[in-house]
Each structure stands twice: as structure tokens, then as C-alpha cells.
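Notes for the one structure printed next.
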Amino acid sequence: MSDSKIQENLQKEDAYYVNMGPQHPSTHGVLRLRVGLQGEKVIHVEPHCGYIHRGIEKMCEKDTYSQIIHLTDRLDYLSANTNNEAVCLLVENALGIEVPERVKIIRTILDELTRLASHQLWWSVMGMDLGALTTFFYGLRDREKILDIFEESTGGRLLPSFNTPGGFMHDIHPNFVPRTKEFLAYFKKKLPEYNRLLTGNVIFQQRTKGIGILSKEDAIAYGVTGPSGRASGFACDVRKHHPYSAYGMVDFKEILYTEGDSFYRYVARMDEMWESMKIIEQLIDRIEDGPYTAKMKPIIKLPAGEYYQRVETTRGEFGVFVISTGDKTPYRMKFRSPNFANLSALDYMSRGFKIADMVAIMSSLDLVIPDIDR
Amino acid sequence: MEKTSIKMGLTEKNDNIDYLAAQVGAKQGEAGFFVTTIDDVINWGRSNSIWPLTFATSCCGIEMMSAGAPRHDFARFGIEVYRPSARQADVIVVAGTIVQKMAPVLKRLYDQMPDPKYVIAMGACAVSGGPFYYNSYSVIRGVDHVIPVDVYIPGCPPRPEALLYGVMKLQEKIKNSDTIMKNRTDEADNDFI
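Here you go:
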């Protein structure tokens, strides 16, 4: 063992260990962190997973591809629609089915609405974690308007289960287009308000600037994707680099920063909301009449082989890997969840900072725990 | 919902003593005092200030947050201040799946709560295991295997309105209960732990 390794182990032995979670309001779920402290300084963080391990990957092996949709909803429940899309795209690509243009466009709009709703919730709870309860009320007030659109068209507020292999369960509501436009006009006025409330706040900036710095190399090494990775300069936007659905048809900017601290992870998400609105605006008038689903066989069987499909969820790259033996259920299904990779960097990022800063770092990573444990 | 807001059960003006007396089931005396039973007064107080524990494990937690947010605002019903500590909470809203690793933690949290304590099982997972009832090796099929439940709210996830209705049902239950509580731990189904 090298000297530095011995030194590190000695430090770990001397550390005072504190449990954060599994029931802790700032872990946003049931994550348990064993935090090694020296005074107030964090020297070591050990995440303990499994407090919400539901065995979804194993359950998928018993389910058909249309049934799996209802389980992927419940992985990362804040980007439920996007998770569903990953499975649908995988099945469609494996069978070589071309979905109608209308489906592609609506899927993209729903994805971006999901992203907006998720970022609104993230903004709300990030403020709350850092002691500003006001943001919770402002963020969720606007989020309800997106949920209304979802409820009307898909039938579900939070977990729509609207996508199926080939298209959608049913057609969208006629109000979908006018209400989305109405929301965009409304939210464009409200987003600057978010910035006035929180971004410029001195206390907020002092608690986030220079906290939890992650360099580009480390972001790539740990596989930190999504806005968290892009704030470190890692160009990892799947929508840009491997376009799926209608992302190839639209013009949008990949938000990149190089600072990589908690504040810039925050700024990256705030900027992403503008880009999401830009994408929806470009597509909302291009929804044409037509079928809402491609012709599919009632029982979907994938040809034997291995398949992988990735999408960009709100928190980063979500991947689905399937080994099929030609049966109607997958032989093995593996999810590459963005939160798991993002969490792995938490230990590295929090070292040397105070324990109170851990809350800021965790909030800026925007972890969803059921996605980590699956 | 915004157009016809529920007036917290108020049917008449709040500031007259007749109203207050009626709320606690009292008869008003002539000299401006009233007589009631201790049960009625205590239950009235308890049912209108229920503090929930911040305990969300998965998707239902988001709907629980929505219920506390401006649109649904369950502070109107007195269920308002989320307490991060079990020692300050009256009700534990089990919002989400409970798996085998989490069950001992949930049991401990419940034991840490002071009496009288109540449990709301929110969502299909907490009621029966929900979508994970079949084929899952780690999910507890219903939180009532671990702690006794007062109100079950079905749905996956239930709408915030459903949670509000569940809370109103819990208030009804509290209002009709005895002040001197039975020892709740005897009721618990302790076969898990």
C-alpha cells in the first residue's frame, strides 16, 4: 500500500461517522449516507443503497415489453415519460418499425414538458434544502399547469404510461396544443421571476459557488451525465449527439459550462428550461393529423440478440440494455440509470467540504433514489 | 378547486362562541362559559393540528408534496408542518414502496413517535405492494405487515385530492375516538420483525 493510501485509511479510522438518512428530508428519498467527519469537515462519504430496491430489473424478465412500460415509469418518476420512451424506442428499433411523424413530434414535446416539470420541482426543493421555503410554493404552482396538460392528454398526472411500443395508448386531447402554448406564454414570464428570487440571492450564491467542484476529466471518469456533467464541460447531451424522436428536426443549444461547481449545475438547469421551451415552440405547430400509433402485432417478440437504447432524461443518460432469446419477455434487462453514476461522484465531490455543504451538493445533483436502487 | 374552495368545514361565522361551543360539542352557559367533555375538546384539538412526518420513499412522495403546495394546500385542514423528526410528528404518511431493508427503519420511526400516533398508507405500494405485488422478491406486500394503519388511500400514485380525503377521514376517526388511547403496539402485526 502506498503512503497516501495508508494516510487515507488512517484518516478514515479516526473519522467520526454520522448517518445521513435513510429518513432525511434532504436526501429526497431513502438514501443513506455514512459520512466520515473530522470536526465539521467531510473526509469520506459512503452511500448505502437498497432502501428502495424493488427488484424491477428482475421483474422485467417476467413481463412482456408492453408491461415493462409501467415499471420504467416508476424508476425515475420525475422523467417517467422519457424512461418509457427508451423502452419503446428499443423495441421499435429492434423490430425496424418506423413510427409516424406525429408520434415522434408529440413524444418530443412530452419529453420536454417532463423536463420542465422536473426542473421546476428540482428548483423548488433546492431552494427548500438551502433554507428558502418560498421557492417550494412558486415552483410547484407552475408545475401544476404542466401536470394539467399531462392529465388531460395522457390520463396520468405524474406517471403517464402513455408511450407504448409503436406510438401511444390513445390519441392526445384536442386541448393539448392550445394549452401547451398557453403554458409557454405563462412560463416565459415566470422564469425570470425564478432568477430574481433565488439565483441572485447572496446567501444562495455563497452556499453554492465553489462548492463540490467536479472537473471535466472526473465527470467523464465517474460517468456524470446530464446537466450535472454539462456544468463541468462534458458534452454528453444524447439529444444532440445521438438524436432520437424529433430532436434531429429542431435547433437547440447544448448548455455547457466549465466551472463544475454547485452553482453552475444550478445555472445549467435553469438555462436548460429555456432550451426546452425553445424546442417545444419549434414543434408545437408541426403536429399533423394522422395515426397515433404504428401497426404493431399484439404480441411483441424481439429477435434473439442484444439491444441498447439511450435517451436523455432530466438527470442524464438513461440506457436500456436487453438480451433477447426471441421470446416475448426479455432474457435480461439492465438499466443504466443516470442517478447511480451521478451518486458515485458524491464521495469525491464532497471531500474537504463542510457537512452543511453536502446538502447543497446533493441538491445540485438532483438525485432520485428509486432510480439508483431500481 | 380554486373557484369553490372548501371552507375548512365552517358553516357559520367563526368569531361567535356558539360556533366554538358547537365544534367541541358543548352547551353554552349563561355567563359566557360552556360545559363540555374532555374527550370532545381534546379530539377537536388533535384532529385539527396533525403534523406529518417527512417520510416519502418514492413516487407518492411527489404527490404528497403537491398536496402541500399552493394548488391543493392541505394546510387548510390543519395538517401542515412537515416534521423531519419522528418525535415531533403525529401522523406518518407512508408514501411509497416499503422494501425489506426499509421495514425495520419504518418500524423504528413509528416507535419513536409519541402517542397518539396515526398512520396513513398512501398509494398502492403501501396498501398492498401495488405493481410490485407479483414477481418481486424484496417488496413488503402492504405496510400493515409492519405497523398498524388507520387510513388506506388507493391509487398509483393517488391524486393530492385523494390524500386530502384520506386526511379528512383520519380527522373523522380522531374525532370519534377515546382520549385515553389503547396501547397501540399490541395491535401491531409484529410478524415481520
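Protein sequence lines correspond, in order, to chains V and G.
If you use my numbering, the first sequence closes out at 490, no skipped numbers anywhere.
If you use my numbering, the second sequence closes out at 206, no skipped numbers anywhere.
All C-beta atoms, glycine included, are put in the ideal place defined by N, C-alpha and C.
In this structure residue 473/V is buried. Its beta-carbon is surrounded by 16 or more other beta-carbon atoms within 10 angstroms.
Take the alpha-carbon of residue 343/V and the one of residue 371/V: they are about 8 Å apart. Ranked by how close their Cα comes to the Cα of residue 416/V, the residues 206/V, 172/V, 152/V have 206/V in first place. If you compare the alpha carbons of 118/V, 450/V, 339/V, 252/V with that of residue 462/V, the shortest gap goes to 339/V.
Residue 284/V is positioned such that its CB atom lies no closer than 8 Å to that of residue 273/V. Under the rule that a run must span 3 or more residues, no beta strand (DSSP E) segment is found entirely inside the stretch 351 to 402 of chain V.
The continuous beta strand (DSSP E) containing residue 434/V extends over residues 432 to 440. At a cut-off of 8 Å between beta-carbon atoms, residue 69/G makes contact with chain V. Between residue 281/V and residue 204/V a beta carbon distance of about 5 Å is seen, short of the 8 Å cut, so the two are scored as contacting. For residue 187/V, the neighbours in chain G by C-beta distance under 9 Å run, in chain order, 144, 145.
Residue environment for residue 62/G: exposed (fewer than 16 other C-beta atoms within 10 angstroms of its C-beta). Counting C-beta pairs closer than 8 Å gives three or more between the stretch 230 to 243 of chain V and the stretch 195 to 202 of chain V, which meets the contact rule. Residue 422/V: member of the beta strand (DSSP E) spanning 421 to 429, first to last residue. Contact with chain V is absent for residue 89/G, since none of that chain's Cβ atoms lies less than 8 Å from the residue's Cβ. Residue 409/V has 283/V as its beta-bridge partners, per DSSP.
Chain V has a Cβ within less than 8 Å of the Cβ of residue 148/G. Within a 10 Å sphere around the beta-carbon of residue 279/V sit 16 or more other beta-carbons, which makes this residue buried. In the DSSP assignment, residue 115/G falls outside any beta strand (DSSP E), carrying neither H nor E. Under the Cβ criterion of 8 Å, residue 185/G is not counted among the residues facing chain V.
Take the alpha-carbon of residue 255/V and the one of residue 479/V: they are about 15 Å apart. Contacts with chain V at 8 Å (Cβ-Cβ) include residue 76/G. When beta bridges are read from the DSSP output, residue 254/V appears opposite no residue. If you look at residue 345/V, you'll find it in the alpha helix (DSSP H) that goes 342 to 346. Under the Cβ distance rule, residue 201/V does not count among the residues neighbouring chain G, no pair being separated by less than 8 Å.
Contacts with chain G (Cβ-Cβ distance below 8 Å) from the stretch 291 to 311 of chain V involve no residue at all. Residue 96/G places its beta carbon 8 Å or farther from that of residue 88/G.
Flagged as an interface residue toward chain V: residue 151/G, by a C-beta distance shorter than 8 Å. Three or more pairs of CB atoms, one per stretch, sit closer than 8 Å, so the stretch 162 to 177 of chain G contacts the stretch 72 to 86 of chain G. Listed by position along chain G, the residues whose Cβ is nearer than 8 Å to that of residue 253/V are 82, 83. Contact check for residue 202/V and residue 434/V: beta-carbon distance about 6 Å, within the 8 Å limit, so the pair qualifies.
Under the 8 Å Cβ criterion, the stretch 384 to 393 of chain V counts as touching the stretch 298 to 308 of chain V, having at least three qualifying pairs. Here residue 125/G has 99, 100 as same chain residues with Cβ atoms under 7 Å from its own Cβ, once five neighbours each way along the sequence are excluded.
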